[in-house]
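For the sequence shown, my numbering begins at 754 and goes up steadily by one.
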Amino acid sequence: MTTDPIRALPTDDFASQATPSRVGRAGGRQLGAFILRRLARLAYSVIALATVAFLMIRLIPGDPVRNALGINATAAVVERQRESLGLNDPLWMQYLDFWKGLLTWDLGDSFSLHLPVTTVIEQRLPATLELTFLSLAVVLLVSVPLGILAAAFTRGGRRQFIDVAYTTMSGLLAVIPEFLIGVALVYLFAVQSHVFPVAGRAGPSSYVLPVLALSIGTAAAVSRIVRVEALTVFQQDYMRTARSKRMPRRRLYFRHALPNLMTSSLTIAGIVLASLVAGTVLTETIFSWPGLGLTIVDAVRSKDFPLAQGIVIVYGLIVLVANLIIDIALVCLDPRSALKDT
């Protein structure tokens, strides 16, 4: 006499079996808990970022009020201005006032431009965001296919001459600083050949040289990382099976290998974004790009505390929020990563 295996299960055990709806709810709870943890970390990071910006700017030697008023201003005028700006208050009181303004998005007035810091940021932030995200798009669109192709041509130790040439050239471009690449591009394509404008932000052609200066070295470095990841993917069993079926190479590499490289590519994108944001400071200075990078250089030179610390906070927020979005996208692509995060 046979026993029905389902009926043989205890009632409680059978009720505890996972169903699609329960799995979906569990996945939703895990994703919600993951997002909450990431938001909490974002809050801690913002507090640390604002505190470091507040202290760092005040470590710059020199008197910002004297610098703003000029050498001809009398000591009494300078002292009255310092008192009105709260610079004579104890540091802890200045810190509390700083947070009161930050929470209401009131970062004070620029000493040098005589405008609210928020107004200056709103006017110049779009130029920096355009430069940063255009460069990020160029880096990803160039480095990911290039890394996959380099791995495809050199897998298994084949074509050593391509391996050596690629490694040498990409390594050389990766170590050259952005400002040197920018100077070289200006000399070749603006001063000598007059193909692109030397500086400014006027029309599509003015974006070419700054974007190239930011993205060339980074794209070379990222393509090396993608190549290593792609070589690992090519050794997987499913890739060997697909290769044994005589699948077209384009479909093999870009339909089967590329989706499995998306996780590592998104992770790299977060690191690359931080590098590009930092690189905009020198790049905007070279090309006189009217963004926050050029503005913060002028603010530091003139000891403009409110403007400099406001821009530092905005730069940090761009990186933190972008990395939060990337982390959420990674969890959506691979929900198992939410379980690994504790």
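Glycine residues also receive a C-beta, built at the ideal position from the N, C-alpha and C atoms. Predicted model, so just to flag it, every value in this text is computed and none were measured.
Integer-rounded CB distance, given that residue j should sit under 8 Å from residue i
i, j, result
"I901", "T907", "Wrong, their Cβ atoms sit about 11 Å apart, outside the cutoff."
"V1084", "F787", "6 Å"
"S896", "V975", "4 Å"
"L802", "G1023", "Actually they are not in contact, since the Cβ atoms of L802 and G1023 sit about 16 Å apart, beyond 8 Å."
"E931", "T1036", "6 Å"
"G1044", "A880", "4 Å"
"V1050", "N1013", "Incorrect: roughly 42 Å between the Cβ atoms, too far for contact."
"T1048", "V873", "7 Å"
Residue i, DSSP secondary structure in three states
i, result
"P869", "strand"
"D859", "coil"
"Q913", "helix"
"L967", "helix"
"S1055", "coil"
"V951", "coil"
"G785", "helix"
"F864", "coil"
"D842", "coil"
"I1078", "helix"
"W1042", "coil"
"I929", "coil"
"K998", "coil"
"G956", "coil"
"Q1062", "helix"
"L808", "helix"
"L1083", "helix"
"T827", "coil"
"S946", "coil"
"Q847", "helix"
"Q1174", "In the structure as shown, the chain starts at 754 and stops at 1095, and residue 1174 therefore has no counterpart that could be examined."
Reference residue i; option with closest CA among the options
i, options, result
"L878", "I1071, A1075, I1081", "I1071"
"G935", "I1049, P957, S968, H947", "S968"
"A943", "L1047, L840, I1039, V805", "I1039"
"V964", "T1033, L933, L925", "T1033"
"G1046", "F1058, K1056, A1031", "A1031"
"M922", "F886, I1081, R977, Q945", "R977"
"V799", "L884, V986, I1066", "I1066"
"M1015", "A793, L894, T881", "L894"
"E982", "A1052, I1021, A952, S997", "I1021"
"D1080", "W1042, T804, S1017, A1052", "S1017"
"W845", "G924, Q783, R811", "R811"
"T804", "R782, W852, D842", "W852"
"S1041", "T920, T872, A955", "A955"
"V1053", "A937, Q913, M809, A793", "M809"
"A966", "V948, L938, Q945", "L938"
Inter-residue spacing [alpha-carbon to alpha-carbon] between residue i and residue j
i, j, result
"L962", "L1029", "15 Å"
"A905", "R1004", "13 Å"
"I929", "L856", "40 Å"
"L1019", "E832", "52 Å"
"A952", "D990", "52 Å"
"V917", "L984", "16 Å"
"A1082", "P898", "21 Å"
"G1103", "T885", "What the structure shows of the chain is the stretch from 754 to 1095, and residue 1103 is not part of that stretch, so it cannot be assessed."
"S1055", "L866", "10 Å"
"G854", "E875", "16 Å"
"L868", "D1057", "12 Å"
"A793", "Y848", "22 Å"
"A829", "E836", "11 Å"
"Y940", "D842", "49 Å"
"V948", "L840", "49 Å"
"R912", "Y797", "49 Å"
Residue i CB to nearest heavy atom of the ligand COA below 7 Å
i, result
"T1020", "By its list of ligands, the structure shown contains no ligand whatsoever, and the ligand COA lies outside what it can speak to."
Close Cβ partners of residue i (< 7 Å) along its chain, the five nearest in sequence each way excluded
i, result
"T971", "V892, V1025, S1028, L1029"
"L926", "I969, G970, A973"
"P950", "A943, S958, S959"
"E883", "none"
"L887", "Y960, V964"
"W858", "T871"
Beta-carbon contacts of residue i that lie in its chain and below 6 Å, excluding the five residues immediately before and after
i, result
"R980", "G900, A903, A904"
"R775", "Only weak support exists for where R775 lies, its pLDDT of 47 falling under 50; the value from the coordinates is given anyway. The answer is none, since no qualifying residue turns up."
"V870", "L860, G861, S863, P1059, L1060, G1063"
"L919", "In the sequence as presented, Leu is not what sits at residue 919; that position holds Tyr. Here the set comprises A903."
"T764", "Reliability fails at T764, whose pLDDT of 43 lies under 50, so the model's placement of it is uncertain and the value that follows must be treated cautiously. No residues qualify anywhere along the chain."
Nonlocal neighbours in the same chain, by C-beta distance under 8 Å from residue i, ignoring five residues either side
i, result
"L795", "L1073, V1074, L1077"
"K998", "none"
Min CB distance residue i to chain B below 8 Å
i, result
"E883", "Among the chains of the structure shown, chain B does not appear; only one protein chain is present."
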